[in-house]
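Numbering (our numbering), first residue to last: 492 to 848.
Just so you know, even glycine gets a beta-carbon here, dropped at the ideal spot from N, CA and C.
These figures come from a predicted structure and were not determined experimentally.
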């Protein structure tokens, strides 16, 4: 599973297929990394909040950005890797917003062996979904709950029908407006029309249509701000779809804008690039991108990634691929990254213990 050689950790992980949304929405806690490190470092204790496992039967050695897994760890889902403690679902979910929050909760519910925790995750997912407009996902979740949470969490057909009717009216309105903008050849209005239509599809869970319409805004962008907004939108949907080639392409497009990027946008792009490298198993490149992420990221990207994830992915990818000199210079002496590591002391201790050996 894991071995130490020349100051580096070599790792493999097993996984299996999941849906596109689940693959993309669950950048993992990299439990496989933690287990490999723990196998030789008995001084460290890691209490991992979520054990996310891929399901890729075609490539059982692949470690994806949605999570590494080690053999039969699925039986431990919802427990700490070392301490056996149940995770705090509410605290974990609070790190995220939007669709990624829901998808992570559903992933926990689908993999957790503890029924109380499973129902807690489903309850929170249900409540989050009802704040939005995705009636299809709402029906899926109520079916998973199956009446186990009482009448309040049974299918509210009236609510779902109302959302569907409202969605049809809004879609027709947006399409008519866009047709008018095209007729009048108003470039900025056309861009906004495509963007509004893309937002509509995204809110209703129609990610393929959202992607197409975000991309269509590209030909009508007239400023660097427009281009960056388009790129970030495409990146977000591409990650949810598991299309990481698009992620890399649009990170590059955003970085090539003539105006200097603000620090928050720069950090968002570093994270997106890191996830894309992680997906393609280029762990050293992934580590570098996460290590370049500035503290300005804060909670500004919680619809994709939490600051704690930056620490976990960056720290563990560095442990897996850096030699001792790189670990010292690029991680331990990295003042900016130290801010992220403070959020996850377990990973900080792993790195310190490894370097101290």
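8 Å Cβ shell around residue i - same chain, five flanking residues per side excluded
| i | result |
| --- | --- |
| residue 666 | 688 |
| residue 695 | 624, 625, 626, 627 and 658 |
| residue 651 | 626, 629 and 630 |
| residue 533 | Annotation note: pLDDT 30 at residue 533 (below 50); position unreliable, no value reported. |
Per-residue DSSP class, three states only, for residue i
| i | result |
| --- | --- |
| residue 586 | coil |
| residue 676 | coil |
| residue 577 | strand |
| residue 827 | helix |
| residue 795 | coil |
| residue 785 | coil |
| residue 820 | helix |
| residue 746 | helix |
| residue 609 | helix |
| residue 648 | helix |
| residue 618 | helix |
| residue 808 | helix |
| residue 835 | coil |
Selected residue, minimal CA-CA separation from residue i, among the options
| i | options | result |
| --- | --- | --- |
| residue 733 | 636, 785 and 699 | 699 |
| residue 690 | 669, 724, 712 and 718 | 724 |
| residue 786 | 758, 764, 769 and 807 | 758 |
| residue 788 | 693, 719, 805 and 756 | 756 |
| residue 704 | 714, 677, 675 and 669 | 669 |
| residue 612 | 619, 580 and 663 | 580 |
| residue 607 | 677, 578 and 634 | 578 |
| residue 459 | 716, 779, 817 and 772 | What the structure shows of the chain is the stretch from 492 to 848, and residue 459 is not part of that stretch, so it cannot be assessed. |
Residue j beta carbon less than 8 Å from that of residue i
| i | j | result |
| --- | --- | --- |
| residue 781 | residue 810 | no |
| residue 712 | residue 682 | yes |
| residue 719 | residue 795 | no |
| residue 600 | residue 616 | yes |
| residue 644 | residue 636 | yes |
| residue 802 | residue 823 | no |
| residue 777 | residue 804 | yes |
| residue 738 | residue 766 | yes |
Contact set for residue i: own chain, Cβ-Cβ below 7 Å, skip 5 residues either direction
| i | result |
| --- | --- |
| residue 706 | 725 |
| residue 793 | 586, 587 and 588 |
Any non-hydrogen atom of the ligand GDP within 7 Å of residue i CB
| i | result |
| --- | --- |
| residue 605 | The ligand GDP is not among the ligands present in this structure, which contains no ligands whatsoever. |
Same chain, Cβ closer than 6 Å to residue i, five either side skipped, listed in chain order
| i | result |
| --- | --- |
| residue 584 | 592, 596 and 615 |
| residue 728 | 698, 701 and 702 |
| residue 763 | 726, 738 and 742 |
Open item on the list: Suppose only complete runs of 3+ residues qualify. What are the beta strand (DSSP E) ranges in the stretch 652-726, listed by chain order?
Closed with: Within the stretch 652-726, no complete beta strand (DSSP E) run reaches 3 residues.
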